[in-house]
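If you're matching them up, the sequences are chains A and B in order.
In terms of the working numbering, the first sequence opens at residue -12 and continues consecutively.
In terms of the working numbering, the second sequence opens at residue 3 and continues consecutively.
Some notes on the structure that comes next.
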Amino acid sequence: MLAILFATLVLHLTDLIILFVSTCANAWRIQGTESNDLWYSCVQNNGGHTCKGTGDEEWLQAVQALMVLATIFSLTSFIIFLCQLFTLVKGGRFFFTAVFQILASLFVMSGAIIYTVMSPKGKSDSESYGYAFVLAWLAFPLTLISGFIYIVLRKKE
Amino acid sequence: MAIFSILLSSSASLSPPASLVLELPVTSLPSSQCTAISVYTNWEKHALLGSDVRLSCSFFSWHWTSSEVTFSWSYRADGAKESTTIFHYTNGAPYIGTKGPFKDRLDFVGNPNRRDGSILIRNVDYNDNGTFTCDAKNPPDIMGHSSNVRLLVFEKVPVQAGVITGAIIGVVLGVLILVVAIYYLMRFLVARRVFSLSMSRHGKKGKGKEGSQQRQASGHLPPP
């Protein structure tokens, strides 16, 4: 029982860290020395960065909002999980935790899909997706699995 | 008060050169900081194609606004190397350039007495993209930097960065808080309704009994 609890906690924390890193890291699309993410597009030159803010496009602002909301919901679900761990009746399910975690996974999924569809096609062949984009796509199934675990989990003892 | 009088008497007893040292200079101001004029304009101005755009220019000066205050606007198109003066205000009268891209389209809408030297450009076009420079002088305050404002003409004004983001986040969190509030309100109301439900059931039972008594009573009446 304790092992399952510990594993669930570790999974949730991993989800949270992945969501944070994906939202904030400047590595959604990489093209040589230029790196784009949700907030800035930076060019590396002579050891320094020259960044200008992106975010005039509507779809990019929607992706920003969805990623931030997914992070907030995952954080809220973690806090609710810790609360419910102590206040739930015996045999009760972690319903609220599961709801928030599944909502977070839906938001991450929507954000990743919108970014994949709407991001401008690479002008050169050297343009590739960075690790933050991969992490965003990874966060979706992990949060979904975590949410389902919370639906199935029952409080014993 | 005693200390004050002691100080007065001690200063009176000092020799004149020492008492001069005690005087504070009040008339001279540090010259490097105060005699520079600061001109303020916007950083960028966004305008829709065909609309009127007001370019505002204001200044700060340590001296009173004199009657010989001058404003000067010059324009440098995107890609051009030189700038041309398009407007000048001096001696209490505005002078609009008669040649150039803005003749007949430029109006002076400022108030020099209130340190405002704004101009209005009507019916902007894509050719008006460029940098406008405002230079204000308030004699004797003539040293200072001029200020630039970039004009950007759009067919459709783009949404500012972050507006949609904030709107989506706000709406979703608002809906969430609303759902939680409604949930707790329903729980509270159901708790109260349980109380009032038993009351109404009690009342209904009573009414039912009365109704059945009335029907029985009416049943005894002979039919007309």
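Glycine residues also receive a C-beta, built at the ideal position from the N, C-alpha and C atoms.
{"Query": "Partners in chain A for PRO160/B, counting only beta-carbon separations shorter than 7 Å", "Result": "ASP43"}
{"Query": "Whole-angstrom distance between THR72/B and GLY94/B, CA atom to CA atom", "Result": "8 Å"}
{"Query": "Expected contact under 8 Å - CB spacing of ASP24/A and ALA14/A to nearest Å", "Result": "6 Å"}
{"Query": "MET(-12)/A beta carbon less than 8 Å from that of TRP46/A", "Result": "no"}
{"Query": "Nonlocal neighbours in the same chain, by C-beta distance under 7 Å from GLY99/B, ignoring five residues either side", "Result": "THR87, ILE88, PHE89, LYS105"}
{"Query": "Exposure of PRO27/B, with buried meaning 16 or more beta-carbon neighbours within 10 Å", "Result": "Bear in mind that the predicted position of PRO27/B carries a pLDDT of just 47, short of 50, making it unreliable; the figure below should be weighed with that in mind. By the 10 Å Cβ count, PRO27/B comes out exposed."}
{"Query": "Contact belief for PHE94/A with PHE60/A at Cβ below 8 Å, rounded distance in angstroms", "Result": "7 Å"}
{"Query": "Best match in LEU(-2)/A, LEU6/A, THR(-5)/A for proximity to PHE120/A [C-alpha to C-alpha]", "Result": "LEU6/A"}
{"Query": "Span of the beta strand (DSSP E) around GLN18/A", "Result": "16 to 18"}
{"Query": "HIS147/B burial status per 10 Å Cβ neighbour count (16 or more: buried)", "Result": "exposed"}
{"Query": "Residues of its chain near TYR128/B, where Cβ-Cβ distance is below 6 Å and the 5 sequence neighbours each way are ignored", "Result": "VAL155"}
{"Query": "Any chain A beta carbon closer than 8 Å to VAL174/B", "Result": "yes"}
{"Query": "Exposed unless 16 or more other CB atoms sit within 10 angstroms - verdict on LEU69/A", "Result": "exposed"}
{"Query": "Length at least 4, wholly inside the segment 79 to 120 of chain A: the alpha helix (DSSP H) runs in chain order", "Result": "82 to 105"}
{"Query": "Proximal residues to ILE4/A (C-beta, below 7 Å), its chain only, five neighbours per side dropped", "Result": "none"}
{"Query": "Pair within 8 Å by beta-carbon distance, ASP137/B and VAL41/B", "Result": "yes"}
{"Query": "Local conformation of ASP41/A per DSSP, three classes", "Result": "Before going further, note that residue 41/A is Thr rather than Asp in the sequence given. If DSSP states are grouped into helix, strand and coil, THR41/A belongs with coil."}
{"Query": "Residues in the segment -11 to 6 of chain A having any Cβ partner in chain B nearer than 9 Å", "Result": "none"}
{"Query": "Nearest residue (CA-CA) to VAL86/A, options LEU(-8)/A, ALA(-6)/A, ILE132/A, CYS29/A", "Result": "ILE132/A"}
{"Query": "Supposed close pair SER60/B, ASP118/B - CB separation, criterion 8 Å", "Result": "6 Å"}
{"Query": "Segments of 3+ residues assigned as beta strand (DSSP E) that fall wholly inside the segment 117 to 168 of chain B", "Result": "121 to 123, 132 to 139, 149 to 156"}
{"Query": "Where THR72/B falls: helix, strand or coil (DSSP)", "Result": "strand"}
{"Query": "LYS143/A burial status per 10 Å Cβ neighbour count (16 or more: buried)", "Result": "exposed"}
{"Query": "Coarse secondary structure for PHE60/A, derived from DSSP in three states", "Result": "helix"}
{"Query": "Assigned secondary structure, LEU53/A (DSSP; H/G/I helix, E/B strand, else coil)", "Result": "helix"}
{"Query": "Same chain only: Cβ atoms within 6 Å of VAL174/B, ignoring 5 sequence neighbours per side", "Result": "none"}
{"Query": "Integer-rounded CB distance, given that PHE134/B should sit under 8 Å from TRP75/B", "Result": "6 Å"}
{"Query": "Whole-angstrom C-beta distance between ASN140/B and HIS65/B, which should lie under 8 Å", "Result": "6 Å"}
{"Query": "Residues of the segment 20 to 46 of chain A whose Cβ lies closer than 7 Å to any Cβ of chain B, in chain order", "Result": "GLY40, GLY42, ASP43, GLU45"}
{"Query": "Listed by chain order, chain B residues near GLN51/A by CB distance under 7 Å", "Result": "THR167"}
{"Query": "CB contact below 8 Å: LEU56/A versus chain B", "Result": "yes"}
{"Query": "Proximity test, Cβ basis, 8 Å: ILE171/B and chain C", "Result": "The chain inventory of the structure shown lacks chain C, comprising the protein chains A and B."}
{"Query": "CB contact check: GLN48/A to chain B, cutoff 8 Å", "Result": "yes"}
{"Query": "DSSP three-state assignment for THR1/A, whether helix, strand or coil", "Result": "helix"}
{"Query": "Below-8 Å beta-carbon distance, GLY164/B vs any chain A residue", "Result": "yes"}
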